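Numbering-wise (full-length UniProt numbering), the sequence shown opens with residue 1 and increments by one.
Even for Gly, the Cβ is constructed at its ideal location relative to N, Cα and C.
Note that the structure is a prediction, hence the values are computed from the model and not measured.
See below for the structure under consideration.
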Amino acid sequence: MLVSALVTSLAINSGLCVLFFVMYSVLRKQPTNYEVYMPRVLAEGNARRGSRFKLVRLIPSPGWVMRAWKLSEEELLSSSGLDTVVFMRTITFCLKVFTFAGIIGIFVLLPVNCTGTQLHEIDFVNFSNNSLDVFTISNVNNASKRYLPIQY
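Take a look at the structure:
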């Protein structure tokens, strides 16, 4: 993999993530979308629909993220339902698993892969056009004892 391809992919995916976050933050505040984003509140009759145009509704606000993480499971279950509780549990579990896997990958597998001599040395002066294969398992020498951490 080329470094330039990795940076391009990172930029595109980060841009899409920010775009979708902004779109959700804006669309969830529009009165025409209350049926999609707040069906339980509408069914209970607790929602106030303002039909007048307000500029505040077009400004994305990330405050809902912190409020969503601070709620307990009981509060989520009573306000949003079981599907929200399961979704939040899944997200929390994924964060824990990928944090653990990331720590193992960075502090165990990456040093093992980088210390191999199977591939030629990388030129750090012209790093953007070089391949990232030096950081992969293909750089570990054949029949090396360094394959042990990778197997587990």
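The C-alpha of residue 78 is placed about 13 Å away from the C-alpha of residue 86. Here DSSP, grouped into helix, strand and coil, assigns residue 71 to coil. Residue 27 has its alpha-carbon roughly 18 Å from the corresponding atom of residue 67. With contacts defined as CB atoms closer than 8 Å, residue 14 and residue 40 fail to qualify as a contacting pair. Short of 6 Å from the beta carbon of residue 29, and not among the five residues preceding or following it, lie these beta carbons of its own chain, in chain order: 57. A Cβ-Cβ distance of about 6 Å is found for the pair residue 25 and residue 61, placing them in contact under the 8 Å criterion. Put simply, the backbone Cα of residue 18 is about 15 Å away from that of residue 64.
Sequence-distant partners of residue 71 (beyond 5 residues in either direction) whose C-beta falls short of 8 Å from its own C-beta, in its chain, are 79. With a threshold of 16 other beta carbon atoms within 10 Å, residue 46 falls short and is exposed.
Taken in chain order, the whole alpha helix (DSSP H) runs of length 4 or more contained in the segment 16 to 53 are 34 to 37 and 39 to 44.
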